[in-house]
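K.L.:
I'd like to ask you about the structure that follows.
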Amino acid sequence: MLPLERQKKIIDLLTVRKVMKLTELTEELQVSIETLRRDMNLLTRQGKIEKIYGGVKLAQSTFGESMIEERMFSQLREKEVIAQKCSEYIHDGDCIYIDSGSTTYQLAKYIKQKKKLTVITNSIPVVNELLHSEIELLIIGGKVRQNEQSIVAFDYLFNFSELNIAKAFICASGITIEKGISDYNLEEANTRKKIIELSQQVYVAADSTKFGKDVTIGIAPLDKIDYIITDDHLHQDFISSFQGTGTHLILS
Numbered sequence: 001m002l003p004l005e006r007q008k009k010i011i012d013l014l015t016v017r018k019v020m021k022l023t024e025l026t027e028e029l030q031v032s033i034e035t036l037r038r039d040m041n042l043l044t045r046q047g048k049i050e051k052i053y054g055g056v057k058l059a060q061s062t063f064g065e066s067m068i069e070e071r072m073f074s075q076l077r078e079k080e081v082i083a084q085k086c087s088e089y090i091h092d093g094d095c096i097y098i099d100s101g102s103t104t105y106q107l108a109k110y111i112k113q114k115k116k117l118t119v120i121t122n123s124i125p126v127v128n129e130l131l132h133s134e135i136e137l138l139i140i141g142g143k144v145r146q147n148e149q150s151i152v153a154f155d156y157l158f159n160f161s162e163l164n165i166a167k168a169f170i171c172a173s174g175i176t177i178e179k180g181i182s183d184y185n186l187e188e189a190n191t192r193k194k195i196i197e198l199s200q201q202v203y204v205a206a207d208s209t210k211f212g213k214d215v216t217i218g219i220a221p222l223d224k225i226d227y228i229i230t231d232d233h234l235h236q237d238f239i240s241s242f243q244g245t246g247t248h249l250i251l252s
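Next up, the structure:
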């Protein structure tokens, strides 16, 4: 197993088990304690894990956005049903954009059988998921955000004006009636703004915990969003408030 694969496995295990002893990790990974300590030292310097007495745990996010590895497992059932509902709006021959994020990543799993589908994305996990399918993949060029496993765009590296996107599936960390959708990272927000401008229809895929939050960077007001697809745990107050907007709220 390569070091990067081993380090990802450590994060995956800690996401599920929360805390693990060193002996448990060496058994799971089939490596020596010296090799494990090298991986742990690197992950600690990257701020991904914390060493505790006799073991290790995921680093706690003190503010802002949690790591993509952690979000891949949180609210997983809700994200899967949201992604499955999103897939119903994707048809053979479509050209779509799939955003970086743990919810939109799930969407890639449900579209592999679509015919003559073109997927534009900035998500490395989405690319990996679709790499061996028959879907035509276009990945935008720019800077890699390692913690988010995404690529944030630079105009001089990618010609956005050439894109003809029928449907964009966007993530958001916050959704309010007053401010629309928002996120924590400026570069991710700028990429999403460009994609929203170019897309014929815009779908926001977000679980119900994102509603009522207005986080660091505004992305777009609700009048730029055609559909928001969320889970059925959304509070009735939010459902009622959306009836006066032009954005269609879809519960999965």
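Using UniProt numbering, the first residue of the sequence shown is number 1, and each one after it goes up by one.
Glycine residues also receive a C-beta, built at the ideal position from the N, C-alpha and C atoms.
May I ask you to verify whether the region 42-55 touches the region 189-198, counting CB pairs closer than 8 Å and requiring at least 3?
P.N.:
no
K.L.:
On the three-pair Cβ rule with 8 Å, is the region 161-179 touching the region 205-212?
P.N.:
Put simply, the region 161-179 touches the region 205-212. At least three CB pairs are less than 8 Å apart.
K.L.:
Mind checking Val119: buried by the 16 CB within 10 Å criterion, or exposed?
P.N.:
buried
K.L.:
Which value, in whole angstroms, describes the spacing of the CA atoms of Gly55 and Asp231?
P.N.:
36 Å
K.L.:
Would a C-beta distance cut-off of 8 Å place Ile151 and Gly142 closer than the cut-off?
P.N.:
yes
K.L.:
Counting pairs of Cβ atoms below 8 Å between the region 112-131 and the region 240-248, do you hit three or more?
P.N.:
no
K.L.:
Would you kindly work out how many angstroms separate the C-alpha atoms of Ala83 and Glu24, rounded to a whole number?
P.N.:
Counting only the Cα atoms, Glu24 lies some 34 Å from Ala83.
K.L.:
Which term fits Met20, buried or exposed, when burial requires 16 or more other beta carbons within 10 angstroms of its beta carbon?
P.N.:
buried
K.L.:
According to DSSP, Gly218 sits in a beta bridge with which residue or residues?
P.N.:
Answer is Ser182, bridged to Gly218.
K.L.:
Give every residue of the same chain whose Cβ lies closer than 6 Å to the Cβ of Thr176, excluding the five residues on either side of it in the sequence, and list them in chain order.
P.N.:
Asp214
K.L.:
Between Glu50, Met1 and His91, which has its C-alpha nearest Leu14's C-alpha?
P.N.:
Looking at Glu50, Met1 and His91, the one whose alpha-carbon comes closest to that of Leu14 is Glu50.
K.L.:
Buried or exposed, going by whether 16 or more other CB atoms sit within 10 Å of the CB of Lys114?
P.N.:
buried
K.L.:
Could you give the residue range of the beta strand (DSSP E) that holds Glu136?
P.N.:
In the DSSP assignment, Glu136 falls within the unbroken beta strand (DSSP E) covering Glu136 to Ile139.
K.L.:
Taking the C-alpha atoms as reference points, what is the distance between Pro221 and Ser32?
P.N.:
52 Å
K.L.:
Assuming Ile229 and Lys85 are in contact, meaning their beta carbons sit under 8 Å apart, how far apart are those beta carbons, in whole angstroms?
P.N.:
5 Å
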